[in-house]
Structures are given as C-alpha cells and as structure tokens.
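A.B. asks: Encoded as structure tokens, here's the structure I'll be asking about.
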Amino acid sequence: MSEKTKEPGVLGNLFKTFFAKHWPVWVGAIVLGTLNILLFAIKSPWGASGGINNWGENVFKLIGIFGLENATPTSTSLYGMLCVFLIIGSFIGALLSKEFALRIPPKGELIKGFIGGGMMALGATFGIGCSIGSFFSGMPALSGGAIIFTIGLFIGTVLALKYLMWEMEKFPNFSSGKSYNFLSGTGKSGSWQIYLGWIVLIVTFIIAYQYSGGNKIMAWFIIIGMFMGLISQRSRFCIVKAFRDPFMTGEADGSVGVMAGLVISVFGFTAIKYFGIGVGDIAVRAREMTWVFPHFFFRAAIGGFVFGLGMTIAGGCAVGTLWRVGEGQVKLWASALGFILISPISKLYIVPPIVNSLPQSLDFKNYLPDYLGYPGAFGFVLFIILVWYVFVKWNEKTGRFSAF
Amino acid sequence: MENKIDQTLDCKGLSCPMPMMKLAKAMKGLKSGEILEMIGTDPGTKSDLPRWCEKSGNEMLEKGELDGGIFRFLIKKK
Chain C
118 MSEKTKEPGV LGNLFKTFFA KHWPVWVGAI VLGTLNILLF AIKSPWGASG GINNWGENVF
178 KLIGIFGLEN ATPTSTSLYG MLCVFLIIGS FIGALLSKEF ALRIPPKGEL IKGFIGGGMM
238 ALGATFGIGC SIGSFFSGMP ALSGGAIIFT IGLFIGTVLA LKYLMWEMEK FPNFSSGKSY
298 NFLSGTGKSG SWQIYLGWIV LIVTFIIAYQ YSGGNKIMAW FIIIGMFMGL ISQRSRFCIV
358 KAFRDPFMTG EADGSVGVMA GLVISVFGFT AIKYFGIGVG DIAVRAREMT WVFPHFFFRA
418 AIGGFVFGLG MTIAGGCAVG TLWRVGEGQV KLWASALGFI LISPISKLYI VPPIVNSLPQ
478 SLDFKNYLPD YLGYPGAFGF VLFIILVWYV FVKWNEKTGR FSAF
Chain X
4 MENKIDQTLD CKGLSCPMPM MKLAKAMKGL KSGEILEMIG TDPGTKSDLP RWCEKSGNEM
64 LEKGELDGGI FRFLIKKK
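Chains C and X, in that order, give the protein sequences.
Numbers 118 to 521, taken from my numbering, label the letters of the first sequence in order.
Numbers 4 to 81, taken from my numbering, label the letters of the second sequence in order.
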C-alpha cells in the first residue's frame, strides 16, 4: 500500500458524519418528525399518497383518459412536488454516500413490487391517507380514524409477512434469478457520484429559490421534501420495517425509531392545534381538524389493512418506496408505478361504490380531543405508543412472536 | 487464514426484506460453527446484518464491498 491516507479536515469529518455510515433510525425519525411539525406550521402535515395520486392524475391527463383534464399540474401541486423532491433528496443522499446504483431484481420481485404498489394505492384511497398521512402524521394529529388505520396496517403487515414466508418456502425461485446492477459507486472510480450529488443539491436550491417569489410555501415544501428524502435514505426510515421486523427477525430498532418520530410530532402537532398556530384565514376548528379525515370506522380499517398488505409485499411503504426509487432500487420503481397508475383508478372507479355501501355515521366525530379533551387525547396517543414500545422490546428479548 | 465457506447465499438484486429473510432461513439450516457467505446489493443489508448478528449471537467474520456495488459478508453460526 503506497497510497497515503489523508486525515480528513473539519469539513471532511462533518461530511463523513452524515454520509459515511447509515444514521440510527431514531435520529432520522426525530428529524423527520421535526420537519413534519415545520410543514404543519407552514401549511399542513406530511403526506405521500396525495402527491403520488397527483402524478397519476397527470399521467392519465397526458394520455387523455378518465376525464382528468382539470388535474392540478404537478409543478403547482404542493404535495406532488413534495414527493418529487423526496425522491430527489434520496438520490442526493445516495450519491453523496456512494450508495446509488441501478439495482434490477429478478422478474418475480418486479411483479410483487407492482402489485404491492397497486394495493397501497387502493388502501390509501380507502383510508384517505397512507402510512404517512393516516399514521405517521395521523396519530400525532390526534385522529381516532388514524388509530383504526394503524390497527389495520398492523394486521395487513403480519398477514403479508406470512405470505412472503410461505412464498419463500414453496416457491423460492420466484425471488431468485437473473439480476443486474449498474452505475454503482464502489471504489475511487465511483467518485462521480459525490460530484453529481452536490450538483443536484445546488440545483434543488435554485429551483426552490425560483419558486420563492410567487409561491413561498412551495419553496419551503421543495426544500423540506428534499431533506426528508435525504434523511429517510440515510436513516433507512421505513414504516414497513417498524411494523414487520418484530414479527420477522424480532428486531425492534426500526419500530423504536418510528416511535421517537411519532412522540416528537405528537408534541408539535398538539401545540399547533391547541393554540391554533398558523390559523391565518381559516377557522380555528379547521386547523384543529387538519389531517383528521372522515374515515372512521370502515374506511380506515379496510384502508389500513389493504395498505399493510401492499407495503409488505412491495417492501416499502409510501415513503419507503419513494426514497428507494431515488436510491435506484428498480423493484420499488415497479411499486411506484403500480401506486401511480392504480391510485386515480381507485379514486374514480373502485372505492366510491364500495364506500357508498358501507354503513357510516356522519354524526360520529373523529377528533379525539372532542371526547377526551386535549390532555386526554395527548396522553392516550402517547399511551398507545408506550404499549407498542413495551411489546416490541419484550418481543425482542423473548422472540415470542418473531419467525426467526 | 482463509475461512472455509460452507454455503453461499446470493441475494443480488433483492431488496428489503428478502435478503434478511433468506439469510435467517439459510442460517437455520447450518450447524454450529459453519460459515455462510452472503452477497447482495441492498445497502440496507450493511446496517441490518451486523445488528442482526449482534442480537442473534452469530459472528460476523468479514464484511466488505466488491467491485460493482456488491456487498459480501461472512457469518459464522453460533
């Protein structure tokens, strides 16, 4: 070895802190929770399925079917752009850590990706929100429906994991076969990834700046979306992992991470709603009801369940899919495609007739503080998180519910 | 000293959770002291696998990166 290893300087070390190793999930989740509070303070909380649905509507608008001529162009849709920049942020994170590569899986995996993505679209349409809107933002929004959605998510995930295990046992060839890997950044020759990462980062700021004149909120959504993608990629933040791993390897780190993010958001969201922060020209009541969707009971239950099945089969929740797209995992490209194409179809044709036949009560108020008061609702949501924590930690130790 | 490899598990192209599921299953089939070589391309494995080894008591003998973005791990069953 003749090559001298140079000791990195102060800035070099700072760079390594962020991009040499993965971050613990809880660190990523706490930052994501904080950014989520910031999004809420500026406008409304984090969500992913709405943005993906916007892309889908624009795809069909382009093709000219389903009568979607009036769909909001993605360039003016806050959540459409948030999702675009989430992918770009993850792309930046993957490049700066030289983890980007086009990873093409065996055929069977691509099929599972597409089907899983389609099921997520269906579940998100039923549940009026995905793993983010009706869970990671919905629970802190003190929504009763979000708790039902979460229970559905949990059951769907466990069942789909059972399916995956069965498939691996009976049809191991489905998830094996020819795979390809392009453009990886291993070794010195991979340094182009770091340069490209910086370029894309700078371009993102330029685009955000261009919006800042006419649409200040959009400028913020672009920057926050980009950071959300970058942080998710570095910390491998994934809702599926949080729900699935205790039942698979028994690991609790992913779950505890997500819980940390939830707890931060519960504090922030409750404060925003309690004090009516950022009410602007809307009523205090409208601010309170932000991200409290009319999906109690059946819509949330069915939505959570179907979404749970989908995200486990795809191997990424809504956000997990988006950031893995940015990292170059082609299975999740298939999942995103399924999500994009099926979402508008679910919204227009599949879900409405079923929802109309479901028993529902419009009298039922879905906002927990209406029943429990703010202290009660706040304590109740934290208590649910605590129960979940005790369960995954106990299970990690005993392996009582884990498959391996 | 070169480690004697008892089984190789190819997880190239697979993404979460397939590599960890296949790994856990393959490890079940090994006898104590036997060594599994795993190759894959999912960056998630880089942090998932060491953590799993630590918790399950299996020993990670080697971890490295080959050309073309392929990760390679050697794990000894406890």
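Ideal Cβ positions, reconstructed from N, Cα and C, are used throughout, including at glycine.
As the structure is a computational prediction, the values presented were derived from the model and not from experiment.
#1: With a threshold of 8 Å, are at least 3 pairs of Cβ atoms found where one atom belongs to the region 424-433 of chain C and the other to the region 180-193 of chain C?
#2: Can you tell which of A211(C), G246(C) and M256(C) has its C-alpha closest to the C-alpha of R416(C)?
#3: Can you list, in chain order, the residues of its chain whose CB lies under 6 Å from that of G67(X), leaving out five sequence neighbours each side?
#4: Ignore the nearest five residues each way along the sequence and tell me which others in A369(C)'s own chain have a CB closer than 8 Å to its CB.
#5: Give me, in chain order, the residues of the same chain whose beta-carbon lies closer than 7 Å to that of F414(C); leave out the 5 immediate sequence neighbours on both sides.
#6: Who are Q327(C)'s beta bridge partners in DSSP?
#7: What in chain X is Cβ-close to F360(C), meaning under 7 Å?
#8: Would you mind telling me which residues of chain X sit closer than 9 Å to L281(C), beta carbon to beta carbon, in chain order?
#9: Below 7 Å between beta carbons is the criterion; list the residues of the region 203-224 of chain C that meet it against any residue of chain X, in chain order.
#10: Alpha carbon to alpha carbon, what distance is there between S293(C) and G16(X)?
#11: Who does E65(X) pair with in a DSSP beta bridge?
#12: Give me the residue from D70(X), N61(X) and L69(X) with the minimum Cα distance to K79(X).
#13: Since Q446(C) meets chain X, which of its residues come closer than 8 Å, beta carbon to beta carbon?
#14: Rounded to the nearest angstrom, what separates L199(C) and G126(C) at their Cα positions?
#15: Pull up the CB-CB distance for I459(C) and G150(C), whole angstroms please, since I reckon it's below 8 Å.
#16: Quick check: the region 153-161 of chain C against the region 332-346 of chain C, are there 3 or more CB pairs under 8 Å?
#17: Nearest CA to the CA of D9(X): which residue from G36(X), M23(X) and I73(X)?
#18: Check the DSSP bridge columns for K299(C) and list the partner residues they point to.
#19: So with CB distances below 7 Å, who are the chain C contacts of E68(X)?
#20: Run the CB neighbour count on Y280(C), radius 10 Å, all protein chains shown included, and call it buried at 16 or more, exposed below.
#21: Identify which residue in E5(X), A27(X) and D13(X) has its Cα closest to the Cα of G43(X).
#22: When the Cα of V468(C) is compared with those of G445(C), H412(C), L213(C) and L131(C), which residue comes out closest?
#23: Quick one: what's I42(X) bridged to in DSSP?
#24: Tell me where the alpha helix (DSSP H) around K514(C) begins and ends.
#25: Just by C-beta distance, which residues in the region 50-80 of chain X are closer than 9 Å to chain C?
#26: Can you tell me where the alpha helix (DSSP H) with I147(C) in it begins and where it stops?
#27: With a threshold of 16 other CB atoms inside 10 Å of the CB of D70(X), please say whether the residue is buried or exposed.
#28: Assign A211(C) to one of two classes, buried (16 or more other C-beta atoms within 10 Å of its C-beta) or exposed (fewer than that).
#29: So what's S59(X) in DSSP terms, helix, strand or just coil?
#30: Could you confirm whether any beta carbon from chain X is found closer than 8 Å to the beta carbon of H412(C)?
#31: Sorted by chain position, which residues of the same chain lie with C-beta nearer than 7 Å to W143(C)'s C-beta, five sequence neighbours on each side aside?
#32: For K7(X), which residues in chain C fall below 7 Å Cβ to Cβ?
#33: Hey, could you find the ends of the alpha helix (DSSP H) V272(C) is sitting in?
#34: Does the region 435-445 of chain C touch the region 245-263 of chain C, meaning 3 or more C-beta pairs lie closer than 8 Å?
#35: Ignoring anything shorter than 4 residues, give me the alpha helix (DSSP H) runs that lie fully in the region 307-353 of chain C, in order along the chain.
#36: List, from N- to C-terminal side, the beta strand (DSSP E) runs of 3 residues or more that fit wholly inside the region 435-487 of chain C.
C.D. replies: For this structure:
#1: The region 424-433 of chain C is not in contact with the region 180-193 of chain C.
#2: For the residues A211(C), G246(C) and M256(C), the minimum Cα distance to R416(C) belongs to G246(C).
#3: Closer than 6 Å at Cβ, skipping near neighbours: R75.
#4: These residues qualify, in order along the chain: D362, P363, V509, K510, N512 and E513.
#5: Excluding positions up to five away in sequence, the list reads I265.
#6: Bridge partners of Q327(C): none, in fact.
#7: Taking the beta carbon of F360(C) as reference, no residue of chain X falls within 7 Å; the closest one sits roughly 11 Å away.
#8: Simply P20, M21 and M24.
#9: The residues in question are E216, A218, R220, I221, P222 and P223.
#10: One Cα belongs to G16(X), the other to S293(C), and the distance between them is close to 9 Å.
#11: For E65(X), which the question treats as bridged, DSSP gives the partners L77(X).
#12: That would be N61(X), whose Cα lies nearest to the Cα of K79(X).
#13: For Q446(C), the C-beta contacts it makes with chain X under 8 Å involve S18 and D45, in order along the chain.
#14: Cα-Cα distance, rounded: 34 Å.
#15: So it is not a contact: roughly 29 Å between Cβ atoms.
#16: Taking a cut-off of 8 Å on C-beta distances, the region 153-161 of chain C touches the region 332-346 of chain C, as three or more cross pairs fall below it.
#17: Checked all of G36(X), M23(X) and I73(X); the closest Cα to D9(X) is G36(X).
#18: Note that residue 299(C) is Phe in the sequence shown, not Lys. Beta-bridge pairing by DSSP links F299(C) to L219(C).
#19: The answer, in chain order, is T303.
#20: With fewer than 16 other CB atoms across the displayed protein chains lying within 10 angstroms of its CB, Y280(C) is exposed.
#21: Measuring from the Cα of G43(X), the nearest candidate turns out to be D13(X).
#22: Of the listed residues, the one whose Cα sits closest to V468(C) is H412(C).
#23: The partner list for I42(X) (beta bridge, DSSP) reads D13(X) and R75(X).
#24: Counting along the chain, the alpha helix (DSSP H) containing K514(C) begins and ends at L485 to T515.
#25: Sequence-ordered contacts of the region 50-80 of chain X with chain C read S50, D51, R54, W55, K58, S59, E68, L69, D70, G71, G72 and I73 [C-beta pairs closer than 9 Å].
#26: Run containing I147(C): V142 to I159, per the alpha helix (DSSP H) assignment.
#27: Counting C-beta atoms within 10 angstroms of its own C-beta, D70(X) has fewer than 16 neighbours from the protein chains shown and is therefore classed as exposed.
#28: Burial state of A211(C) is buried, judged by a 10 Å Cβ sphere holding 16 or more other Cβ atoms.
#29: Of the three classes helix, strand and coil, the one that applies to S59(X) here is helix, per DSSP.
#30: With 8 Å as the cut-off, H412(C) does not count as an interface residue toward chain X.
#31: Here the set comprises V373, G374 and A377.
#32: None at all; the shortest Cβ gap to chain C is about 24 Å.
#33: Position check: residue 272(C) holds Ile in this sequence, whereas Val was assumed. Counting along the chain, I272(C) sits inside the alpha helix (DSSP H) bounded by residues G261 to K287.
#34: Touching, per the Cβ criterion.
#35: Those alpha helix (DSSP H) runs which fall completely within the region 307-353 of chain C and span 4+ residues are 309-329 and 333-352.
#36: Entirely contained in the region 435-487 of chain C, not one beta strand (DSSP E) run reaches 3 residues.
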